[in-house]
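In my numbering, the protein residues as written are 1402 to 1773. Cβ coordinates follow ideal geometry from the N, Cα and C atoms, glycine included. No experiment lies behind these values; they were computed from the predicted model shown.
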């Protein structure tokens, strides 16, 4: 843009034959300055253009309204499915992420808000998917809690509770009814909560003797005949003590019966297990010899102990070389080390014979026979 002007200026000066004198140092600087000004204007245009482009790009990263809405819908859907009750951990995380996303929106930190909204949606969907599993778990908890509550409720004297602790009696009765009703309609969380509240309140029923005493003391103050009231109080306390003593005695008796039954059952199981690892009878199979049977791990684990089998079953074995399928051989277990030594000697065990590591050991058998 400045070049034609410079060429025109030079042509004019040449025609006037004064160009050598006229183009001074200052003229050259002025022409150079004009050229530099154009370059600067061009640079400014480029910078302005790039700035406008960056502004447009930044402007495109607007508020993530779509992600926020999706996260909110996922939370609402999870809440409608009762995820806040049966998948509380995941629902709580989703709620927290969504709250953080909203705060980031207020700060205009849209990228962070978008990321948090996506995480909130993911957690909310996970919570919704876990509801059925959570319901099954709470159903089992509610069943156990209601069963325990009923058992305790049936163990109390309702008449006395209603007389001495009427408010707690009414509240406990109401909670148990609510728990059963909620459980029947499938509100397992509510059923579980009501049953647990009942169990907490039922602890207060243990104050019944104390409450009785308080009311009796009040009757003493209101009654003109102090001695009569005290006598009644003593009778009630004695009756309570007798009842308590009877209950304790009955509990001890039941506990002893349970322990005895348990011991008997354990002994039976132990005997069954011992019979499996150390049977007392063996059924002969085709092709077996006494040495084969004695070598079996469940018998003696040593073929040279076959004379013990022969000696114990002489009523059905005439010749130790001949036994028959179907014979039931008795397996002696109450043996001594001397019995084993004599049997091995009779069977012709070589001198210095070392039994197998897992061969029958009388001392070990005696230890297994005794159940602590």
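Taking all protein chains in view, the Cβ of residue 1655 is surrounded by fewer than 16 other Cβ atoms within 10 Å, so the residue is classified as exposed.
Within the same chain, Cβ atoms closer than 6 Å to the Cβ of residue 1745 are found at 1705, the five residues on either side in sequence being excluded. Restricting attention to 1466, 1562, 1566 and 1538, the CA atom closest to the CA of residue 1519 is found in 1466.
Fewer than three Cβ pairs drawn from the stretch 1563–1578 and the stretch 1525–1537 lie within less than 8 Å of each other, which leaves the two stretches out of contact.
Three or more pairs of CB atoms, one per stretch, sit closer than 8 Å, so the stretch 1724–1743 contacts the stretch 1756–1767. Taken through DSSP and simplified to helix, strand or coil, residue 1615 comes out as helix. With a threshold of 16 other beta carbon atoms within 10 Å, residue 1599 meets it and is buried. With respect to residue 1475, residue 1532 sits apart: the two C-beta atoms are not nearer than 9 Å.
Under the DSSP assignment, residue 1706 falls outside any beta strand (DSSP E); it carries neither an H nor an E label. A direct Cα-to-Cα measurement between residue 1563 and residue 1658 gives close to 34 Å. Listed in chain order, the non-local C-beta contacts of residue 1504 below 7 Å within the same chain number zero, local neighbours out to five positions each way being set aside. Under DSSP, the beta-bridge partners assigned to residue 1731 are 1682. For residue 1622, there are no CB contacts under 7 Å within the same chain when 5 residues up- and downstream are skipped. Excluding residues up to 5 positions away in sequence, 1498, 1501, 1502 and 1505 lie with their Cβ nearer than 7 Å to the Cβ of residue 1517 in the same chain.
Annotated as proximal: residue 1584 and residue 1547, with beta-carbon spacing under 9 Å. Under the three-state reduction of DSSP output, residue 1639 falls in the helix class. Cβ-Cβ distances below 7 Å link residue 1540 to 1589 in the same chain, with the five nearest sequence neighbours on each side left out; the list follows chain order. Contact check for residue 1710 against residue 1691 passes: the beta carbons are separated by less than 9 Å.
For the set 1703, 1751, 1732 and 1714, the Cα lying nearest the Cα of residue 1757 is the one of 1703. Taking the CA atoms as reference points, residue 1593 sits about 56 Å from residue 1700. Put simply, of 1544, 1616, 1515 and 1556 the residue whose alpha carbon is nearest the alpha carbon of residue 1634 is 1616.
Counting only runs of 4 or more residues that sit fully inside the stretch 1473–1508, the alpha helix (DSSP H) segments are 1484–1487 and 1489–1507, in chain order.
DSSP places residue 1763 within a helical segment (H, G or I) once states are collapsed to three. Secondary structure at residue 1742: helix, using DSSP grouped into helix, strand and coil. With 16 or more neighbouring CB atoms inside 10 Å of its own CB, residue 1606 falls in the buried class. Annotation for residue 1755: no residue places its beta carbon closer than 7 Å to its own, counting only its chain and skipping 5 residues before and after.
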